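Every letter in the sequence shown is one number past the one before it in UniProt numbering, and letter 81, counting from 1, is 81.
For glycine and all other residues, C-beta sits at the position ideal for the given N, C-alpha and C.
Predicted model, so just to flag it, every value in this text is computed and none were measured.
The structure appears right after this line, and notes come after that.
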Amino acid sequence: MLDVVTVSILSLSIFYNLDFVETLSEVGYFTWGHPTIFSIRLYHGGEFTKFPGRKYIKGKQTYIDLLDMDTFSVHDIDEMMEQLGYVDEGIPLYYHFKRPFSDLDFGLFALGSDQDVRHLGTFISKHKLIEVYIEHGKTQLHTYTMSPNQAKVQIKEIIEPPSCSCRLFLDWYDTGETNVVGDASKEANVMDVTGDDNMDITDNGIITRRKSMR
Numbered sequence: 001m002l003d004v005v006t007v008s009i010l011s012l013s014i015f016y017n018l019d020f021v022e023t024l025s026e027v028g029y030f031t032w033g034h035p036t037i038f039s040i041r042l043y044h045g046g047e048f049t050k051f052p053g054r055k056y057i058k059g060k061q062t063y064i065d066l067l068d069m070d071t072f073s074v075h076d077i078d079e080m081m082e083q084l085g086y087v088d089e090g091i092p093l094y095y096h097f098k099r100p101f102s103d104l105d106f107g108l109f110a111l112g113s114d115q116d117v118r119h120l121g122t123f124i125s126k127h128k129l130i131e132v133y134i135e136h137g138k139t140q141l142h143t144y145t146m147s148p149n150q151a152k153v154q155i156k157e158i159i160e161p162p163s164c165s166c167r168l169f170l171d172w173y174d175t176g177e178t179n180v181v182g183d184a185s186k187e188a189n190v191m192d193v194t195g196d197d198n199m200d201i202t203d204n205g206i207i208t209r210r211k212s213m214r
C-alpha cells in the first residue's frame, strides 16, 4: 500500500497537514466558486507495471492543495519534488497526469511542457482533484511522444553521406480532410517546388533536395 503524506501550498510556503486525508471530501468546498483552483494527488517514488492492467507500485502519495491553474507550471512540480527530497540532478524525472475517470492503461498524458499544462487545464473546471504520476530514471510510457494537438505534418531531415542527396520525409495523418498537398501531387512523379530544378517530389511523399557539392 502506498504511504500517504499531505502537502498544502500557500504562496511560496509548503505546509504538511497530516489531517488532510480525513477531509478529502472538502476539496470541492474549498474550491467552490474558484474555477481555476485545484488539488493534486501526487504519486512518486514508485514505478508502473506493464500494460495491460497497469498499476503504480512501490511508491508514496502526497496531496498538494490550493493550486491555481492561472499560475501553475511544470516548475511547480519541480519544486514539489525538491521539497520531497528528490534533488539528485543525475536522475531524470518524468511527469504524467491521469485524465479524470480513466485508467492507467489509456488515461495518462505527459506533463512536461506549457502545452501539456494547458491540456491539464481543460479538466480543472469540473474536476478539482488531479492525479499526477512520477517516473524516476526512465519512462516505460509513450506519453512524451504524444500530444493532444499533434501536427498533421511532420518534417524530418535525414543527414546523408556527401555523395548522397539530402531528403526531407513528410508524414501526415488521415483526418478525413482534403489532401493538403493537392491532387496534382498524386499524378506527377516529379514536380518543381522551389521554382528551379533543385527539388523533386516522388509518389511516396519524399521531397529530395539536390545539393551541389563544394
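If we ignore side chains and look at the alpha-carbon of each, how far apart do M81 and L93 end up?
-> As a working mapping, residue 81 is identified with position 81 in the sequence shown. As a working mapping, residue 93 is identified with position 93 in the sequence shown. Each residue's alpha carbon lies about 9 Å from the other.
Taking buried to mean at least 16 other C-beta atoms within 10 Å of its own C-beta, is I124 buried or exposed?
-> Residue numbering aside, residue 124 sits at position 124 when the sequence shown is read from its first letter. It is buried - the Cβ of I124 has at least 16 other Cβ atoms within 10 Å.
So is V132 buried or exposed if we call it buried at 16+ other beta carbons inside 10 Å?
-> What you label residue 132 is simply residue 132 of the sequence shown in a count that begins at 1. Buried.
Whose C-alpha, out of R99, T71, D68, is nearest the C-alpha of I130?
-> As a working note, residue 130 is residue 130 in the sequence shown. When each option's Cα is compared against that of I130, the closest is R99.
Between the C-alpha atoms of R54 and L104, what's the straight-line distance to the nearest angstrom?
-> Within the sequence shown, residue 54 is the residue found at index 54, counting from 1. Within the sequence shown, residue 104 is the residue found at index 104, counting from 1. Distance between the alpha carbons of R54 and L104 is about 6 Å.
What is the rounded straight-line gap between the Cα of I64 and the Cα of K58?
-> Walking along the sequence shown from the start, residue 64 turns up at place 64. Walking along the sequence shown from the start, residue 58 turns up at place 58. I64 and K58: Cα-Cα distance of roughly 20 Å.
For my contact list, K128 and F72 are in at a C-beta cut-off of 8 Å; report their separation, rounded to the angstrom.
-> Here residue 128 refers to the residue found at position 128 when the sequence shown is read from its first residue. Here residue 72 refers to the residue found at position 72 when the sequence shown is read from its first residue. With a Cβ gap of about 13 Å, K128 and F72 do not count as contacting.
How would you call T143, buried or exposed, if buried means at least 16 neighbouring beta carbons within 10 angstroms?
-> Residue mapping note: residue 143 aligns to position 143 of the sequence shown, counting from 1. Classification for T143: buried.
Do V74 and L111 have their C-beta atoms closer together than 8 Å?
-> Within the sequence shown, the letter at position 74 stands for residue 74. Within the sequence shown, the letter at position 111 stands for residue 111. Result yes, Cβ atoms of V74 and L111 sit closer than 8 Å.
Look up H119 in the DSSP assignment and say whether it is helix, strand or coil.
-> Residue mapping note: residue 119 aligns to position 119 of the sequence shown, counting from 1. DSSP places H119 in helix when its eight states are reduced to three.
Among all the DSSP beta bridges, which residues are the ones paired with K98?
-> Translated into the one-based positions of the sequence shown, residue 98 becomes position 98. In the DSSP output, where bridge partners are listed per residue, K98 has L108, E131.
Contact check, F109 vs F97 under 8 Å by CB: the rounded distance?
-> Within the sequence shown, numbered from 1, the residue matching residue 109 stands at position 109. Within the sequence shown, numbered from 1, the residue matching residue 97 stands at position 97. Contact flag correct, Cβ pair sits at about 6 Å.
Cross-strand partners of Y86 (DSSP beta bridge) | Along the sequence shown, one-based indexing puts residue 86 at 86. Bridge partners of Y86: none, in fact.
Would you call the CB atoms of I77 and H136 closer than 8 Å?
-> Counted from its first residue, the sequence shown places residue 77 at position 77. Counted from its first residue, the sequence shown places residue 136 at position 136. Cβ atoms of I77 and H136: not closer than 8 Å.
Contact set for M69: own chain, Cβ-Cβ below 7 Å, skip 5 residues either direction | Residue mapping note: residue 69 aligns to position 69 of the sequence shown, counting from 1. Contacts found: T36, F38, G121, I124.
C-alpha gap between G33 and L67, whole angstroms = As a first step, residue 33 must be located in the sequence shown, where it is residue number 33. As a first step, residue 67 must be located in the sequence shown, where it is residue number 67. Cα to Cα, the separation comes out at about 14 Å.
C-alpha distance - residue 226 paired with L141, whole-angstrom precision = This structure does not reach residue 226, given that the chain is present from 1 up to 214, and the question cannot be answered.
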